[in-house]
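Numbering (my numbering), first residue to last: -1 to 141. Even glycine gets a Cβ: it sits at the ideal position worked out from N, Cα and C. Remarks on the structure that follows.
Dropping the structure here:
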């Protein structure tokens, strides 16, 4: 099912659950600048009227939940990184088969994005990480 929700809206995930009386459709969305509650409400209205969802579920009586990914979910798409410049991240890495170093993550401040990847300032200095090495990044919150 293809949906057009706006030029900068990315659907990061969607699921349907038939628990309860009415099926629940959950859609996770984001934009390069972050998603606002007003945008989530508008997307929810658009999806509620989408005949394709009702046809796919074989019912018009369903609930819809549109949400942002949340801080704990992390992110990995190149378009998601620029808004986090200056924030402290924990970057979880994919294994690099050509290197004996089995480093699983790097924690530090995101200082730059490039066409090839990101630059993180950690205790070991500035580290360049290519897009292919990034499994996901999670913002480290200061409480």
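From residue i to residue j, what does the alpha carbon distance come to, in whole angstroms?
| i | j | result |
| --- | --- | --- |
| residue 90 | residue 33 | 24 Å |
| residue 202 | residue 13 | Because the chain spans -1 through 141 in this model, residue 202 falls outside it and cannot be assessed. |
| residue 5 | residue 92 | 30 Å |
| residue -1 | residue 112 | Only weak support is given to the placement of residue -1: the predicted model assigns it a pLDDT of 42, under 50, and the question is left unresolved by the model. |
| residue 21 | residue 48 | 15 Å |
| residue 124 | residue 88 | 14 Å |
| residue 69 | residue 134 | 12 Å |
| residue 15 | residue 62 | 10 Å |
| residue 60 | residue 72 | 28 Å |
| residue 38 | residue 96 | 43 Å |
| residue 83 | residue 77 | 12 Å |
Measure the CB-CB distance between residue i and residue j and report whether it falls below 8 Å.
| i | j | result |
| --- | --- | --- |
| residue 25 | residue 64 | yes |
| residue 132 | residue 74 | yes |
| residue 81 | residue 120 | no |
| residue 79 | residue 35 | no |
| residue 23 | residue 51 | yes |
Report all residues from its chain with a CB closer than 8 Å to the CB of residue i; omit the five preceding and five following residues, and keep chain order.
| i | result |
| --- | --- |
| residue 101 | 91 |
| residue 142 | Absent from the structure is residue 142, since the part of the chain shown begins at -1 and ends at 141. |
| residue 110 | 83, 116 and 117 |
Within the same chain, show all residues whose beta-carbon is closer than 7 Å to that of residue i, passing over the 5 residues directly before and after it, in chain order.
| i | result |
| --- | --- |
| residue 94 | 131 |
| residue 10 | 26, 27, 28 and 67 |
| residue 122 | none |
| message | Under 8 Å, with one C-beta from each stretch per pair, do the region 28 to 45 and the region 106 to 126 reach the 3-pair mark? | response | Result no; under three Cβ-Cβ pairs closer than 8 Å.
| said: Ignoring anything shorter than 3 residues, give me the beta strand (DSSP E) runs that lie fully in the region 32 to 81, in order along the chain. | reply: Entirely contained in the region 32 to 81, the beta strand (DSSP E) runs reaching 3 residues are, in chain order, 61 to 65.
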